[in-house]
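Residue numbers (the working numbering), protein chains in the order written: chain A, 695 to 875; chain B, 52 to 687.
See the structure below:
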């Protein structure tokens, strides 16, 4: 029995039986499947389109895809859980990815992550209750010469500092008036 | 560069450039040209490898050498437009270097600069010079002539040429490319595949990304040559999804190839047909391993398979398959364009040619470099890289990503080639090269690498799945102050079992960071375990932040900046850090004015003021006694 965690209240709720309260219409999913032939090698590209379209891979989609490709559901589920790109619960409207690659780590990436976690009030891998931000870590985005780096949706922010974390989250600068200096 | 009567401007728009602010600079550039009524041709180019100097703009006035301007901001680029293009003042103070015929006063030739002089750009030959979205630029620079030459040769002759060049796989394993092609060519079967491994999962490595963004055709032409030599009719590029710009450039390049008849049936009238598809990775480091990669293309979980059979005999869907790395393919097209002899004139006896490295970490000039094999680490770190940041001491150079090892500073004269790096306990790897300094804790770096490989282990082999977890747990204990006598011996024993019992390269090389750091930096492990001390003052659980009473001037900056209000002290009073509240973020150290330098990190020793909640009053009382009058008890 697959146990998919319940998503937050007030947004999308996915019941264990597969019925959703919002949006996966058969139409949207079938629209994606229409451009594929129905062979196993299409599984990952299909899942990538579903992830992009819905922001996660709903259980109903796993069922439908496994029928389309003539694969057992557990096989499809196995692929979904193997790859980091696929989520089983919806992600926030904005995805913040803090790079934890080697170069970023050496230039203080861990501090940037801690600062993000503190400001957002969630840990890496979680989504804020208002579904506004999802915070993730990524192994390396390849901007190593500009470490530490953070990606917000598709925009890469290089040469990150603690102050820039606040800028990214749209905050006013912290009161840093100088006294005695 | 061809003569033209209009001003041409090259803007670096690789991922690095954009991340450094190239979009805003481009916008300001266009506005500046408009405002001054200047007609110019603007070209977007890929990464030239000078990432530390991005955003970069190169201006070419007719009849003049080009001038490259670095570290641009919207304001500065507007000034450059006005000064150089209106007043003919080329601003030597802002110019990095020139390229092409002629000189400009006060500006050195770009390739004479220490950062570029030792480099030999073969795979990166066009990056930064051409518009990667325009196939005509590639063709104008010798593009697809290597392919044309290959079509005039027999398949075996092409394979012999690649063998003679001495090219070895640039993905990291360093297997002789020509020999690998031979196996696949000789394998029986009518249907064969070639694959480009563009998964580049090593954290700290971005060479392949830059190459695919800056000059995708050099890779694609190489693949065509390989497909022809081997007899493959279909090819795949497996590229990680985290490289969206590279994917877009590849898709555009493939489309242009199809339009020009360079892909599809009967290419260039040769009778040879070839089709290419792109497959995106889905976030699994292990899919950089060739058998896992092929499983992923087939739509399965990326779990490696035993070899033999090797992909050359039985690969994708059981058919003979040849997989090569992005950089390898780019070198192939260069070899067929020039000659094997030319390529083999670079490098060393056993490691021919050049290698790309992503130079990153605590070095002045981070970026993408291409150097002849045999160059020393010293030349790379000090000549090209400009030395360690902030005048700190070099500690080690890490090569090979999470599969590699650390070369200590004492071995800085090591030549960079496959054999020398292996002997030193590391590997060439895909090309990630990270410089670390005296502030880097080697045990923490090892923990960092293990946390990566442990989470990326596919789980198939128990020694890898459990062994990496156990190594990680021990390393987390050591860096967390819970290290025990005997931990080093257990780590060494685990390392052997994991290497022996793992099916694929991930598990077989995961223990390498542990082995090299114990080999060269055992004293750091011992300090952590026996004295609960971190010599580099990096491990948060083993350090405390302290304010030196004789240096603190009570300015209050750290108190206001502290995110958890752990600093207390009135105006002009010695401030004190509450160790129970302190989260070791380091903000106080950052903001304390340089002339006071009152905040220090200590490890394994008692802090001077012995800060606890009870002694705060003692400190304040001391201050109160020595200075009159005071504001004790009153917040300022």
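Where is the CB? At the ideal position from N, CA and C, for every residue including glycine.
None of the values given here were measured: they were computed from a predicted structure.
Within the segment 763–793 of chain A, the residues whose Cβ lies closer than 7 Å to some Cβ of chain B are 772, 773, 776, 777, 778, 779, 780, listed in chain order. Taking the C-beta atoms as reference points, residue 803 of chain A is found no nearer than 9 Å to residue 766 of chain A. The alpha-carbon separation between residue 273 of chain B and residue 384 of chain B amounts to approximately 4 Å. Of the residues A:777, A:735, A:864, A:775, the one whose Cα lies closest to the Cα of residue 763 of chain A is A:735. Excluding the 5 residues flanking it on each side, residue 587 of chain B has same chain C-beta neighbours closer than 7 Å at 489, 490, 491, 492, in chain order. Of the other Cβ atoms in all chains shown, 16 or more fall within 10 Å of the Cβ of residue 209 of chain B; this residue is therefore buried. Rounded to whole angstroms, the gap between the alpha carbons of residue 336 of chain B and residue 507 of chain B is 6 Å. Interface flag for residue 836 of chain A against chain B is set, since a Cβ pair is found closer than 9 Å. DSSP lists A:830, A:845 as the bridge partner or partners of residue 791 of chain A.
At a cut-off of 9 Å, the C-beta of residue 616 of chain B has no neighbouring C-beta in chain A. Excluding five sequence positions before and after residue 502 of chain B, the CB atoms of its chain that fall closer than 7 Å to its own CB belong to 523, given in chain order. The beta-carbon of residue 853 of chain A is placed less than 9 Å from the nearest beta-carbon of chain B. For a Cβ distance threshold of 7 Å, residue set 348, 349, 350 of chain B lies close to residue 735 of chain A, ordered along the chain. Interface with chain B (9 Å Cβ-Cβ cutoff): residue 812 of chain A is included.
Straight through space, the alpha carbons of residue 93 of chain B and residue 737 of chain A are spaced by roughly 41 Å.
Contact of residue 862 of chain A with chain B is not assigned, every C-beta pair being separated by 9 Å or more.
For residue 487 of chain B, the chain A residues whose C-beta falls within less than 7 Å of its own C-beta are 800, listed in chain order. Across the structure, residue 496 of chain B and residue 255 of chain B are spaced so that their CA atoms are roughly 13 Å apart.
The closest CA to that of residue 444 of chain B, considering only B:459, B:628, B:431, B:450, is found on B:459.
Here residue 851 of chain A is buried. Its C-beta has 16 or more other C-beta atoms within 10 Å. Per the C-alpha coordinates, the member of B:354, B:189, B:379 positioned closest to residue 307 of chain B is B:189. Rounded to whole angstroms, the Cβ separation of residue 59 of chain B and residue 111 of chain B is 4 Å, and the two are in contact under 8 Å. Ranked by Cα distance from residue 330 of chain B, the first of B:287, B:84, B:422 is B:287.
Beta-bridge analysis with DSSP links residue 119 of chain B to B:109, B:148.
Residue environment for residue 168 of chain B: exposed (fewer than 16 other C-beta atoms within 10 angstroms of its C-beta). If you ignore the 5 residues before and after residue 794 of chain A, its C-beta comes within less than 6 Å of the C-beta of 803, 831, all in its own chain and listed in chain order. Nearest C-alpha to residue 283 of chain B among B:366, B:578, B:624: B:366. Counting C-beta pairs with one atom in each stretch, the segment 474–489 of chain B and the segment 444–458 of chain B have three or more that are closer than 8 Å, which means they touch.
Spanning the alpha carbons of residue 428 of chain B and residue 486 of chain B requires a straight line of approximately 10 Å. With a minimum length of 4 residues, the unbroken runs of alpha helix (DSSP H) contained wholly in the segment 224–248 of chain B fall at 228–237. Contact between residue 634 of chain B and residue 651 of chain B does not hold, since their C-beta atoms are separated by about 17 Å, which reaches or exceeds 8 Å. In the same chain as residue 253 of chain B, and ignoring 5 residues on each side of it, the C-beta atoms closer than 7 Å to its own belong to 452, 453, 480, 481, 483, in chain order. Rounded to the nearest whole angstrom, the CA to CA distance from residue 268 of chain B to residue 183 of chain B is 8 Å. Neighbourhood of residue 413 of chain B in chain A, by CB distance below 7 Å: 800, in chain order. Counting of Cβ neighbours within 10 angstroms places residue 352 of chain B among the buried residues, the total reaching 16 or more. Apart from sequence neighbours up to five positions away, the residues of its chain that approach residue 617 of chain B with a beta-carbon distance below 7 Å are 628, 629, 632, 633, ordered along the chain.
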